[in-house]
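Notes follow the structure.
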Amino acid sequence: MVDIIQGKKQAVDVFYASESKLSPSRLLKKLKNYRENINELIEIIKMVFDGKNKKLKILEIGGRNSELTEEIITNFEDKIEKYVYTDTSLYFSNEFEGIKNKYTCFEFIKINSSSKYLENFKTEKFDIVILYNSLHRSHNISDMLRNIKTIYLLWAL
Numbered sequence: 321m322v323d324i325i326q327g328k329k330q331a332v333d334v335f336y337a338s339e340s341k342l343s344p345s346r347l348l349k350k351l352k353n354y355r356e357n358i359n360e361l362i363e364i365i366k367m368v369f370d371g372k373n374k375k376l377k378i379l380e381i382g383g384r385n386s387e388l389t390e391e392i393i394t395n396f397e398d399k400i401e402k403y404v405y406t407d408t409s410l411y412f413s414n415e416f417e418g419i420k421n422k423y424t425c426f427e428f429i430k431i432n433s434s435s436k437y438l439e440n441f442k443t444e445k446f447d448i449v450i451l452y453n454s455l456h457r458s459h460n461i462s463d464m465l466r467n468i469k470t471i472y473l474l475w476a477l
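And the structure:
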């Protein structure tokens with residue numbers, strides 16, 4: 321904090337430093353009911369997969385939580401055709417590198433503009449769209465939700 325006040329460092333550099341106690345990933349894990357929320361999402365996804373005779377496509381939009389992503393893939397790897405994670409920031413790509421190397425179904429895509437977030441996916445339908453801790457970053461939440469309806473087949477979580 322002293323370096324920020326003295327002008328030696330930018331606040332964003334301190335906030336996004338991986339060793340920082342203020343990094344987005346660490347702050348996310350401090351949220352109330354963090355573990356319970358992940359468990360509940362896993363249970364909902366399990367219900368979606370139950371009874372399906374085909375592999376499903378999942379799109380995760382900017383959740384910035386590799387723990388959730390990896391847990392979903394680990395639990396349902398044999399039932400996932402494709403898992404696409406998107407974000408407007410490349411900062412988080414390093415956090416997902418291990419998942420990318422471990423699972424062939426996983427793809428990380430950096431999107432340039434959150435306002436045009438979903439245009440890249442209008443030609444492809446997804447069975448599940450996950451917006452865990454990301455919807456609040458949309459410039460217009462109503463528009464984002466309307467656009468999601470055009471790309472999902474079964475569930476938006």
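Each position in the sequence shown, counted from 1, maps to that position plus 320 in this note's numbering.
All C-beta atoms, glycine included, are put in the ideal place defined by N, C-alpha and C.
Quantities reported herein were computed from a predicted structural model and do not represent experimental measurements.
Spatially closest choice to residue i from the options, by CA coordinates
i, options, result
"residue 425", "408, 392 and 324", "392"
"residue 443", "454, 467 and 418", "467"
"residue 368", "450, 404 and 408", "450"
"residue 376", "361, 399 and 354", "399"
"residue 446", "469, 458, 411 and 454", "469"
"residue 358", "378, 374, 386 and 373", "386"
"residue 423", "464, 322, 356 and 395", "395"
Under 8 Å between C-beta atoms of residue i and residue j
i, j, result
"residue 371", "residue 452", "no"
"residue 431", "residue 406", "yes"
"residue 380", "residue 389", "yes"
"residue 354", "residue 378", "no"
"residue 428", "residue 416", "yes"
Distance, residue j Cα to residue i Cα
i, j, result
"residue 295", "residue 401", "Here the chain has residues from 321 to 477 only, and residue 295 is not among them."
"residue 413", "residue 455", "19 Å"
"residue 362", "residue 411", "26 Å"
"residue 461", "residue 409", "19 Å"
"residue 328", "residue 373", "57 Å"
Could you name each continuous alpha helix (DSSP H) segment of 4 residues or more that falls completely within the stretch 395-449, going from the start of the chain to the end? 413-422, all fully within the stretch 395-449.
Inside the stretch 347-381 only - alpha helix (DSSP H) runs reaching at least 4 residues: 354-369
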